[in-house]
Amino acid sequence: MNMRRYEPWSLLNQLNNEMNALMEGRGPSLGDSSTLATSDWVPAVDIREEPDRYLIHADVPGVSPDDIEIHMEGGVLTLKGERKREDTEEREGYKRVERVYGSFYRRFSLPDTADAERITANSRNGVLEIVIPKQEKMQPRRIEVQS
Amino acid sequence: MSTFEQLKHGLEQAWDHLGEGWRALRERAGQALTRFHPTEQCEGAVETVGEQRVRHGSRWGLLAAELLETEDHVEVRLEVPGMDLQNFDITVHDQILVVRGHKQVARDERRGSYLISERAFGSFERALPLPAPVEDSRAEAHYRDGVLTVRLPKQASARQRRIPVEARR
């Protein structure tokens, strides 16, 4: 079954990418916003490049670190997890419900320079941080000029 | 196609996406969509990565709330990831809970260059009308996994009291 969920964030990202490509004539970016039908919500992310590593920060409020899964396969990093309800019963008294529960799913294709073996992740205050070191031979090296 | 037509076509497409995305977002998020205002002032002549991050990053964040009313209290849960406790300012005015905050770019997040920036930084404010008058002096708040929970006891007059009906002979 080919069901597509409506993802406002990915639409806005797409817009952002299109605008950027239009204005700057840039190619496609690192992120792969192909979210599958299996996700109920999409976390907002930041991806930053430093000389020796890539850093991903994802907003995952209300998700316990135990419920987050990170996979690396064939140069594609997959984040998935689930936001579970805090109380299972007592559903009656809700006067306002904006929070979305259920699973999230996001994939990113990493550049060849990423070192898949040494990826680490931790979660604090609802922000997931993934550190992806670059392979040592790919790191910029300063070449001394001899006189 | 000429460059101008290409640009026009691109803009139209982008505009459609914006309209569509905005409608979907509004529909889904309701009032959770919150504007973030940049608070980091440019200190020197050269913009730092942190300042750049705030200026170029998303100005809108989703602060999704949940409000639960029971017989004797009101509980509000708000998703605000990545906050430091001291940057929360929570007040109650006339049956409205106001949560203000300031989300800073961490010091170690100021290096390097951003490839994607969707997370919002800066200061925000969300006001949530409460369904009953509360005793704000006895309110409690805690923060866990990026979710702020505020528990407000209802004022005695607002509590539901069940009046038992006695059978009279």
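Line by line, the protein sequences give chains A and B.
Under the working numbering, read the first sequence as residues 16 to 162, first letter to last.
Under the working numbering, read the second sequence as residues 75 to 243, first letter to last.
Every residue gets a Cβ at the ideal spot worked out from N, C-alpha and C, and that includes glycine.
These numbers were taken from a predicted model, which means no experiment stands behind them.
DSSP three-state call for residue i: helix, strand or coil?
i, result
"T50 of chain A", "In this prediction, T50 of chain A has a pLDDT of 48, which is less than 50 and means its spatial position is unreliable; nothing more can be read from the coordinates."
"D186 of chain B", "Residue identity check: residue 186 of chain B is Gly in the sequence provided, not Asp. In this structure, G186 of chain B counts as coil in the three-state DSSP scheme."
"K99 of chain A", "coil"
"D130 of chain A", "coil"
"A232 of chain B", "helix"
"E64 of chain A", "strand"
"T77 of chain B", "helix"
"G141 of chain A", "coil"
"R218 of chain B", "strand"
"L152 of chain B", "strand"
"R212 of chain B", "helix"
"P58 of chain A", "coil"
"P80 of chain A", "helix"
"D74 of chain A", "strand"
"F92 of chain B", "According to the sequence shown, residue 92 of chain B is Leu rather than Phe. Residue state, collapsed to three classes: helix."
"L202 of chain B", "strand"
"A106 of chain B", "helix"
"R156 of chain A", "coil"
"R242 of chain B", "coil"
"R122 of chain A", "strand"
"R97 of chain B", "helix"
"G42 of chain A", "Note that G42 of chain A scores 40 on pLDDT, short of 50, meaning its location in the model is unreliable; the coordinates nonetheless yield the value given after this. Three-state DSSP puts G42 of chain A in coil, outside helix and strand."
List the residues of chain A that residue i touches, going by C-beta distances under 7 Å, in chain order.
i, result
"S191 of chain B", "D61"
Going by beta carbon distance, what residues of the same chain come within less than 6 Å of residue i, once the five residues before and after it are set aside?
i, result
"I145 of chain A", "I71 and A136"
"D82 of chain A", "G96 and E97"
"S138 of chain A", "P80"
"A180 of chain B", "none"
"S49 of chain A", "For S49 of chain A, the predicted structure reports a pLDDT of 49, less than 50, and the residue's modelled location is therefore unreliable. The matter cannot be settled from this model."
"G46 of chain A", "In this prediction, G46 of chain A scores a pLDDT of 48, lower than 50, which makes its location untrustworthy; no coordinate-derived value is stated."
"R285 of chain B", "For residue 285 of chain B there is no data in the structure shown, the boundaries of chain B being 75 and 243."
"N161 of chain B", "G175 and H176"
"R151 of chain B", "E140, V221 and T223"
"M16 of chain A", "Interpretation of M16 of chain A is limited by its pLDDT of 42, a score under 50 that renders its predicted location unreliable; the figure taken from the coordinates is listed afterwards. Cβ neighbours of M16 of chain A beyond the five flanking positions: none."
If the cut is a Cβ gap below 9 Å, which residues of chain B does residue i touch?
i, result
"P148 of chain A", "Near P148 of chain A there are no residues of chain B at all, since even the closest Cβ is about 13 Å away, more than 9 Å."
"R133 of chain A", "Per Cβ cutoff of 9 Å: no residues; R133 of chain A is ~18 Å from chain B at best."
By the criterion of Cβ-Cβ separation under 8 Å, what are the contact partners of residue i in chain B?
i, result
"S79 of chain A", "D219"
What residues in its chain sit with their C-beta under 7 Å from that of residue i, if we drop five residues either side in the sequence?
i, result
"V208 of chain B", "V148, V166, L226, P227, K228 and Q229"
"D74 of chain A", "P58, A59, G141 and V142"
I'd like to confirm the pairing. Which residues does DSSP put opposite residue i in its beta bridges?
i, result
"G175 of chain B", "B:F162 and B:F198"
"T144 of chain B", "Answer is none; T144 of chain B lacks a bridge partner."
"H83 of chain B", "Paired residues: none, contrary to the question."
"Y116 of chain A", "Y116 of chain A is not bridged to any residue."
"L137 of chain B", "Looking at the DSSP assignment, L137 of chain B forms no beta bridge with any residue, so it has no partner."
"E88 of chain A", "A:V91"
"A136 of chain A", "A:I145"
"R193 of chain B", "Bridge partners of R193 of chain B: none, in fact."
Leaving aside the five residues before and after residue i along the sequence, list all residues of the same chain whose C-beta is less than 8 Å from its C-beta, in chain order.
i, result
"I134 of chain A", "I85, M87, L92, I145, V146, I147 and P148"
Which residues in chain A have a C-beta closer than 8 Å to the C-beta of residue i? List them in chain order.
i, result
"V224 of chain B", "Here the premise fails: no neighbours, minimum Cβ distance about 13 Å."
"G186 of chain B", "R63, E64, E65, P66 and L70"
"E153 of chain B", "P76, G77, R114 and G141"
"P205 of chain B", "K110"
Cβ closer than 7 Å: which chain B residues qualify as neighbours of residue i?
i, result
"D127 of chain A", "Within chain B, no residue comes near D127 of chain A; the closest Cβ sits about 15 Å away, beyond 7 Å."
Residues of chain E with CB under 8 Å from residue i, in chain order?
i, result
"G108 of chain A", "The structure shown contains no chain E; the protein chains it does contain are A and B."
When every heavy atom of the ligand HEM is checked, does at least one fall within less than 7 Å of the C-beta of residue i?
i, result
"E153 of chain B", "The model depicted lacks the ligand HEM and carries no ligand whatsoever."
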